[in-house]
Every structure is written in C-alpha cells, then in structure tokens.
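One structure is given below, encoded as structure tokens.
Residue numbers (the UniProt record's numbering): 1 to 99.
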C-alpha cells in the first residue's frame, strides 16, 4: 500500500493532470534501459507519466508492479494505458500537503 495519504495522492493526481508521458514502453517491453530511463525521469521530475503499449490488462498490471519495485516509486494513478508514478528525489521538488 502507499506510504502517502489520500490527500497527498489527490494532490499528486491534480498536478499530474496536465503532464504528458515522458517514457513510452513499446514492443520490446520493460528492458533495463527503460527502467533506467524511468529512474532518471523520477529523479529529475519526481512525478511522471509512463505510457505502456500493451493490450492485455494483466500484462500491463504486472509491468506496473515491476516498475514500482525496481524504481522504488509509488503508483499514483492509472488511466487507460498511462500510469502516473511518484518518487521523492534527494532534493524534494514537489511540496506535499500535510496528512
């Protein structure tokens, strides 16, 4: 489960609304290069969207679980094929509301 409160998750969702996906996972799936790119994007932005091009819901959910495990991120939202992820970087960039 998330280490963030519902209020904080709602705040992150509102911030993510206007953002575009910064990483797109294509036909080759979740490679180490893609994981590294997601880690890098999370360190820079903290809050990112990732588009996963797969038709199977189970495959997509499995891929999201692997991404969150390998990057230490939290899933904020899933809309269609786009997952929103958050990971606090060393220097916090996004202020979160108190619980």
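Backbone N, C-alpha and C define an ideal beta-carbon position, used for all residues, glycine too.
- Between the segment 27-42 and the segment 65-77, the count of C-beta pairs closer than 8 Å reaches three or more; the two stretches touch.
- Contact between residue 39 and residue 5 is absent: CB atoms are separated by about 25 Å, not below the 8 Å threshold.
- Among the bridge pairs identified by DSSP, residue 47 is matched with 86.
- In this structure, residue 8 places its C-beta atom within 8 Å of the C-beta atom of residue 96.
- Bridge partners of residue 75 according to DSSP: 85.
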